[in-house]
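Asker:
Residue numbers (this note's numbering): 1273 to 1684.
1. Applying the 10 Å Cβ sphere with the 16-neighbour rule, what's the burial state of residue 1685?
2. What are the boundary residues of the alpha helix (DSSP H) that residue 1502 is part of?
3. What's the call for residue 1326, buried or exposed, on a 16-neighbour Cβ count within 10 Å?
4. Whose CA, out of 1349, 1567 and 1591, lies closest to the CA of residue 1280?
5. Excluding five sequence neighbours on each side, which residues of the same chain lie with their C-beta closer than 6 Å to the C-beta of residue 1615?
6. Just how far apart, CA to CA, sit residue 1584 and residue 1599?
7. Which residue wins for smallest C-alpha separation from residue 1631, given the options 1410, 1645 and 1582?
8. Using the C-alpha atoms, what's the distance from residue 1557 back to residue 1657?
9. Does residue 1418 pass the burial test, meaning 16 or more other C-beta atoms within 10 Å, or should it be called exposed?
10. Bridge partners of residue 1676, per DSSP?
11. Going by DSSP in three states, residue 1629 sits in which element: helix, strand or coil?
12. Helix, strand or coil for residue 1439 per DSSP?
13. Please work out which residues of its chain come closer than 6 Å, Cβ to Cβ, to residue 1519, disregarding the five sequence neighbours upstream and downstream, and give them in chain order.
14. Unbroken alpha helix (DSSP H) runs of length 4 or more, entirely within the stretch 1634-1676: which are they?
15. What span of residues does the alpha helix (DSSP H) with residue 1561 cover, start to end?
16. Identify whether residue 1576 lies in helix, strand or coil by the three-state DSSP scheme.
17. Residue 1444 and residue 1677 look like a contact to me (Cβ under 8 Å); what is the Cβ gap, rounded to whole Å?
18. Considering just the uninterrupted stretch of the beta strand (DSSP E) at residue 1523, what are its terminal residues?
19. Spell out the partners DSSP gives residue 1398 in its beta bridges.
20. Identify every residue that forms a DSSP beta bridge with residue 1488.
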């Protein structure tokens, strides 16, 4: 079946390199900066003044029969002409977990529950944009590297679209996640190595074969899809910013996209301030947090090249496989948007993640995988450290369902 036509946002102006700042046009096909290569991760840019002038009064993003992520098309690069199961998703719950609030003494705690998405993780937001871009470009083969969630998302939504997929996974990927890939017809290439090695191989193979890349830390359009999580949070709060948002962080795509969403809402006049956004890493895979601590008071002022030098690779060792990243590929974008928000990077021990899984399940009825619970673990740590107050409105992103890694529940 042929997919619906997909157009582009007339106010999408292209891309800017996060390292050198060079502008690239909308039709740039190299994924990364033409001058800086793989270190030059691009960021999609927009004419925010034109978008601001075009937004309607009242609700700036009316559903108009489409209560999915495409209601935010004004702040997205692509515009599908019709709904389709491979890209029509979003609008996930923002829970007010009363028992959990009472237990923690945080009466304004909220949980953004993206376990409700088709493949049970936030990664579907990026894959929806990937499927739309494949339809726009006429591409029929997509590749990705993943510890599991991005791969599962690609397998599920590509099956709906009729797009071939090749997925590179590290040896440590949980068996339950691999089963989801194979069941949906993906070609799975298991790498005897780490996620970082799988990522490098997928980039080489994508270039060699001319495949479309669903690596979010490489393809700048995909971060725009993840941005809709932050847009939905603001929308659900009637465009009154929370005080802080806590985001599980590996490559840096989700935390950068979430912070970018709030920044852009300020740019288009729909939010008065940006909340403090915190990227939460597992202590056994925390290169961003380690660099942030080392930089101290200078962290927010580091130049992109200083950030590259500061974020040193680590050997990941954590139960949270989806954020077990030794070399965060989107570190420049993550650092930039987190620093601008007034937030920072935190690291939580595996035992804190296990406790977060238990509390989310028993007091909120939300079953999170280890990576999905890391944001909430970071929120609890931030409360203990005095980074947030008892009456702050705080949001934790729950990014992946516990069924992704059921053995982790047994170990808690």
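Don't be surprised by glycine CBs; every beta carbon is placed ideally from N, CA and C.
Nothing here was measured: the structure is a model prediction, and the numbers come from that model.
Answerer: Result, derived from the coordinates:
1. Residue 1685 lies beyond the range of the chain shown here (1273 to 1684); nothing can be said about it.
2. The residue you call residue 1502 lines up with position 230 of the chain shown. Its alpha helix (DSSP H) spans residues 1492-1508.
3. For the purposes of this step, residue 1326 is taken as residue 54 along the chain shown, with counting starting at 1. Counting Cβ neighbours within 10 Å, residue 1326 comes out exposed, since fewer than 16 surround it.
4. Against the chain shown, residue 1280 aligns to sequence position 8. Considering only alpha carbons, the answer is 1349.
5. For the purposes of this step, residue 1615 is taken as the residue at position 343 of the chain shown. Around residue 1615: 1548, 1549 and 1550.
6. The residue you call residue 1584 lines up with position 312 of the chain shown. The residue you call residue 1599 lines up with position 327 of the chain shown. Taking the straight line joining both Cα atoms gives about 7 Å.
7. Walking along the chain shown from the start, residue 1631 turns up at place 359. Of the listed residues, the one whose Cα sits closest to residue 1631 is 1645.
8. As a position in the chain shown, residue 1657 is number 385, starting the count at 1. As a position in the chain shown, residue 1557 is number 285, starting the count at 1. The straight-line gap from Cα to Cα measures roughly 21 Å.
9. The count along the chain shown starts at 1 and reaches residue 1418 at position 146. Burial call: buried.
10. Numbered from its first residue, the chain shown carries residue 1676 at position 404. None, per the DSSP bridge assignment.
11. Against the chain shown, residue 1629 aligns to sequence position 357. DSSP places residue 1629 in helix when its eight states are reduced to three.
12. Numbered from 1 along the chain shown, position 167 holds the residue referred to as residue 1439. Strand, per DSSP.
13. To locate residue 1519, count along the chain shown from 1; it is residue 247. Only 1526, 1527, 1530, 1551, 1647 and 1669 meet the Cβ criterion.
14. 1642-1656
15. Taking the first residue of the chain shown as 1, we reach residue 1561 at position 289. Here the alpha helix (DSSP H) through residue 1561 covers 1559-1567.
16. Here residue 1576 is taken as the residue at index 304 of the chain shown, counted from 1. Looking at residue 1576 - three-state DSSP - the assignment turns out to be helix.
17. Position 172 of the chain shown holds residue 1444. Position 405 of the chain shown holds residue 1677. Their Cβ separation, rounded to whole angstroms, is 11 Å, which puts residue 1444 and residue 1677 out of contact at 8 Å.
18. Locating residue 1523 in the chain shown gives position 251, counting from the first residue. From DSSP, residue 1523 is part of no beta strand (DSSP E); its letter is neither H nor E.
19. Counting from 1 along the chain shown, the entry for residue 1398 is found at position 126. Its beta-bridge partners do not exist; DSSP assigns none.
20. Here residue 1488 refers to the residue found at position 216 of the chain shown. Residue 1488 is not bridged to any residue.
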